[in-house]
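Have a look at the structure below before the remarks.
Residue numbers (UniProt numbering): 1 to 202.
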């Protein structure tokens with residue numbers, strides 16, 4: 001029996017509709033994928049490196065125990081780094097940590113201090129330490145550097161403070177012509193490339 005022209009036409013129409021529907025679905029899927037690539041979903045996570053920011057480079061130097069400063073690193077280990085940080089031939093002969101709390105309403109501040117001489121004139125450098133929750137004291141490269149330089153005739157300089165922060169320098173001799181210069185610098189390289197010994201590991 002020969003198929004009628006009407007049946008052939010209907011079969012051709014159905015075939016065309018199937019192909020048209022398949023092509024439409026392919027285009028819709030492709031468009032959806034392209035859109036997702038162009039606009040990342042809000043739930044996508046930011047890489048950890050971007051969230052974390054710069055790595056903290058602080059090194060543990062000491063810990064406050066019952067209001068006493070217990071050095072984790074031998075003080076003598078810090079002499080050469082201070083000499084290098086001065087960078088002008090200053091001979092450092094003492095390193096200590098100084099607690100500052102002139103304002104009892106504010107938390108105490110701790111400074112790592114190096115004392116020395118340059119061509120017979122007194123020099124000192126102070127770097128603010130970061131205080132951890134367990135009262136451990138750390139020095140990072142972001143710590144502000146304070147330097148006191150005694151002028152001729154002044155044999156010793158004191159750092160001056162306000163609200164537990166260094167604000168300047170003052171000569172031990174309170175007289176005209178006896179002065180100390182105060183220099184401030186953002187950041188420091190005191191422990192850059194330095195491998196410190198831990199006295200608690202001995």
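Built from N, CA and C at the ideal position, the CB exists for glycine as well. Predicted model, so just to flag it, every value in this text is computed and none were measured.
Exercise. With which residues is residue 113 paired in a DSSP beta bridge?
Worked result: If you number the chain shown from 1, residue 113 lands on position 113. Residue 113 pairs with 96 and 126.
For this session: Confirm, please, whether the CB-CB distance from residue 115 to residue 94 is below 8 Å.
Result: If you number the chain shown from 1, residue 94 lands on position 94. If you number the chain shown from 1, residue 115 lands on position 115. Yes. Within cutoff.
Exercise. Which partner residues of residue 138 appear in the DSSP bridge assignment?
Worked result: In the chain shown, counting from the first residue as 1, residue 138 sits at position 138. Residue 138 pairs with 60 and 130.
Problem set entry | Exposure label - residue 188; buried when at least 16 CB within 10 Å | The residue labelled residue 188 in the question sits at position 188 within the chain shown. The Cβ neighbour count for residue 188, taken over all protein chains shown within 10 Å, is at least 16; the residue is labelled buried.
Exercise. For the putative contact between residue 85 and residue 196, defined by C-beta atoms under 8 Å, what is the C-beta separation to the nearest angstrom?
Worked result: Counting from 1 along the chain shown, the entry for residue 85 is found at position 85. Counting from 1 along the chain shown, the entry for residue 196 is found at position 196. Rounded, the Cβ-Cβ distance is 14 Å, inconsistent with contact.
For this session: Keeping to the same chain, check which residues put their C-beta closer than 7 Å to that of residue 167; ignore five residues upstream and five downstream.
Result: The sequence position of residue 167 within the chain shown is 167, counting from 1. Same-chain partners within the cutoff: 160 and 161.
For this session: Starting from residue 150, follow its DSSP beta bridges and name the residues at the other end.
Result: Here residue 150 refers to the residue found at position 150 when the chain shown is read from its first residue. Looking at the DSSP output, residue 150 shares a beta bridge with 180.
For this session: Name the one or two DSSP bridge partners that residue 155 has.
Result: By one-based count along the chain shown, residue 155 stands at place 155. Its beta-bridge partners do not exist; DSSP assigns none.
Exercise. Taking just the CA atoms, how far does residue 55 sit from residue 47?
Worked result: Working through the chain shown from its first residue, we reach residue 47 at position 47. Working through the chain shown from its first residue, we reach residue 55 at position 55. Residue confidence for residue 47 is low, a pLDDT of 46 falling below 50, so the modelled location carries little weight; the figure read from the coordinates is stated next. Taking the straight line from one Cα to the other gives about 15 Å.
Exercise. Is residue 87 closer than 8 Å to residue 140 when the C-beta atoms are compared?
Worked result: Reading the chain shown from its first residue, position 140 is the one you call residue 140. Reading the chain shown from its first residue, position 87 is the one you call residue 87. Inclusion of residue 140 and residue 87 in the CB contact set at 8 Å is not warranted, their separation being larger than that value.
For this session: Work out the CA separation of residue 63 and residue 105 for me, nearest whole Å.
Result: Locating residue 105 in the chain shown gives position 105, where the first residue counts as 1. Locating residue 63 in the chain shown gives position 63, where the first residue counts as 1. One C-alpha to the other measures close to 22 Å.
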